[in-house]
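Reading the sequence shown from the start, the letters are residues -28 to -1, 1 to 406 in mature numbering (1 follows the signal peptide of the UniProt record, and there is no 0).
Here the structure is laid out as structure tokens; the discussion comes afterwards.
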Amino acid sequence: MTKTTKHKIILGCTIVLTLLLTNQTVYAFTTERDILYTSTLDNLTLKIDVSYDENATNQPVILILGGHNGTFSGTDIPERFAQYGLFAAKVYKRGFNGSQGVSDDSGREVYDIIDASEYIKENFSEFIDEENINVVGYSGGGGNVFGLITKFPDYFNTAISFFGISDYASWYNFNTGANRGETIQTRVGSIPEEVLDNYSARAHYLGASNNPYTNIQLFHDAQDAIVPIEQSYLFRGSGLDNIVMNVSNEGDAIRWIHGYPENGTDLVIAEKMFIPGIVQGIRKKTELAEFGTLFVPGYVKTKDFFIILGDGTNEAGNLEYDIDGTFKITTVTGDAEFLFKRYNLEPDSEYIVNNTVIQTDSSGTLTISGIVPNFYIIGPIEMPKPNGPSSRPELIPTHELSDNDFIGLMKIARNIIVSFITTLLEPIRFNFNI
């Protein structure tokens, strides 16, 4: 028996003991394939497969994201996750495995994943815990995990990235990344030097500090020749304490080798490191901070507001926000169109924004659009004050003056004039007395 085999046996026994101690049960499950849903941004028809226990409720949801080249259909990941009590959904990104559209390398396709989650919430509500949404991705899917947790910072409980891409510009310039150059150029728009704005919208590591809320685990091998480990270190560099970095090296008994987890591989062992926490519903923090600064890699959406710069793939910027006050947008890519939505306001009500009256829709959403010339301030967003300077004047009923009204007004005017003249003469009389 080799040293490596001994290590694996010991680790396997440790995992079994952990599952027993955490009362983790193996569940029966059912699988539904080729479920269709529609994307919010582009109205594309997209596809998911789901595996879950149809006799259970409050199952944590885990979304599973495939790699850069789109090959995904042969893995048994959802079925394995379902055995541990998770509602597992394999999300097929646009352009692959029956999903419409074309992949744009962690651009608008990231929003598709949220659409899949919202579809599950709406159509499988009796089986799931809607407050326990999680995501795992491999390679390009790991890159989309980075995109999700920066663009949707208060959405996920747990996010796991296996050898993900946190910066497409530096990955393009990596030696093996350059071998994918034609594909990256097609999806992103060109080489980094020509469309730097587009790559800025995919620089997820710049937005790592957006998310101190989600439990984030990164898995990477130090000798990864496809996506270098620096891609995970870039994201970890934010210094947030909710990011756990799991690194393997040559000679280690357990290696996080680039690929998909299949039965018998070390990546399956990695699953036992995050599944118990997902089942328990542990989360670092639950609410978005009331104020702060967010990097906007194309777009950012929270439970309180949404902002998209350009088309969501070709601009980036920063957003200084105060939930109860102002929102300041600053672009890092020059002038940009923007769309801003503020949620959870009073439905069908008027608000004053930048001296303009804007009405919310029936869901309580206020929408503003325009151009950001370097920076743009929205707000404060407030309801008109009764009889205040920002409100519409109250209409006062009027009537014609009668003779008595006219006589009364003349008496008032006479008294005012007499009082005024008396005041003027008072200092003169005083001086005469001297």
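Heads up, the beta-carbon is just placed ideally off N, CA and C, and yes, glycines get one too.
Since we're looking at a predicted model, the values are computed, not measured.
Nearest residue (CA-CA) to residue i, options the options
| i | options | result |
| --- | --- | --- |
| residue 407 | G115, P269, V63 | Shown here, the chain extends from -28 to 406; a query on residue 407 therefore has no answer. |
| Q72 | D294, E292, L239, D14 | D14 |
| E292 | N182, N95, T158 | N182 |
| N95 | D238, F124, I7 | I7 |
| D224 | D76, F246, H192 | H192 |
| G231 | Q203, D196, V251 | D196 |
| T155 | S172, T337, A131, G112 | G112 |
| E98 | D77, A131, Y24, D48 | Y24 |
| T285 | D276, F299, G270, T298 | G270 |
| Y(-2) | R174, R52, I250 | R52 |
| R255 | W228, Q189, I343 | Q189 |
| Y348 | P233, V304, I226 | V304 |
| L266 | I241, Y9, A88, H176 | H176 |
| E318 | S335, N326, N69 | S335 |
| V268 | I250, A61, Y171, Y323 | Y171 |
| residue 465 | L178, D48, V325, T339 | This structure cannot speak to residue 465, because the chain is shown only from -28 to 406. |
| L16 | I92, P200, G70 | G70 |
| F299 | P352, N346, N327 | P352 |
| T43 | G67, V22, A61, P50 | G67 |
| P50 | A261, I247, D294, K275 | I247 |
| I350 | N316, T337, D294, E322 | D294 |
Residue i (DSSP reduced to helix, strand or coil)
| i | result |
| --- | --- |
| V329 | strand |
| L317 | coil |
| I92 | helix |
| V82 | helix |
| I121 | helix |
| I198 | coil |
| A242 | helix |
| N221 | coil |
| V107 | strand |
| Y293 | strand |
| L206 | helix |
| H192 | strand |
| D25 | coil |
| G249 | helix |
| T130 | strand |
| F347 | strand |
| S162 | coil |
| N50 | Note that residue 50 is Pro in the sequence shown here, rather than Asn. Helix, per DSSP. |
| Y185 | coil |
| T155 | helix |
| L212 | coil |
| G115 | helix |
| G336 | coil |
| residue 437 | No statement about residue 437 is possible, as the shown extent of the chain runs from -28 to 406 and does not include it. |
| D283 | coil |
| L35 | strand |
| D77 | coil |
| A261 | coil |
| L168 | helix |
| L13 | coil |
| Y271 | strand |
| D276 | coil |
| Y(-2) | coil |
Buried versus exposed call for residue i [16 or more other C-beta atoms within 10 Å across all chains shown]
| i | result |
| --- | --- |
| P164 | buried |
| K273 | buried |
| D296 | exposed |
| N41 | exposed |
| T332 | buried |
| A180 | buried |
| residue 437 | Outside the displayed range of the chain (-28 to 406) lies residue 437, so it cannot be described from this structure. |
| S341 | exposed |
| T12 | exposed |
| N27 | exposed |
| G306 | exposed |
| D320 | exposed |
| N187 | buried |
| T10 | exposed |
Supposed contact pair residue j and residue i - C-beta distance, whole angstroms, cut 8 Å
| i | j | result |
| --- | --- | --- |
| L120 | V82 | 6 Å |
| N145 | F128 | Contact flag wrong, Cβ pair sits at about 30 Å. |
| G38 | K65 | 7 Å |
| L239 | F134 | 7 Å |
| V63 | I132 | That belief does not hold up - the Cβ atoms of V63 and I132 are roughly 14 Å apart, past 8 Å. |
| V344 | I301 | 5 Å |
| R174 | G79 | 7 Å |
| G253 | N104 | 5 Å |
| T47 | E234 | 7 Å |
Within-8 Å CB hit, residue i to chain B
| i | result |
| --- | --- |
| D320 | In the displayed structure, chain B is absent; only one protein chain is listed. |
Q: May I ask you to verify whether the stretch 306 to 317 touches the stretch 279 to 291, counting CB pairs closer than 8 Å and requiring at least 3?
A: yes
Q) Can you find at least 3 beta carbon pairs, one from the stretch 12 to 31 and one from the stretch 49 to 59, that sit closer than 8 Å? A) yes
Q: Take every Cβ of the stretch 205 to 221, pair it with every Cβ of the stretch 271 to 285, and state whether three or more of those distances are shorter than 8 Å.
A: no
Q: Assess, as a yes-or-no matter, whether the stretch 215 to 225 is touched by the stretch 183 to 190 under the definition of 3 or more beta carbon pairs within less than 8 Å.
A: yes
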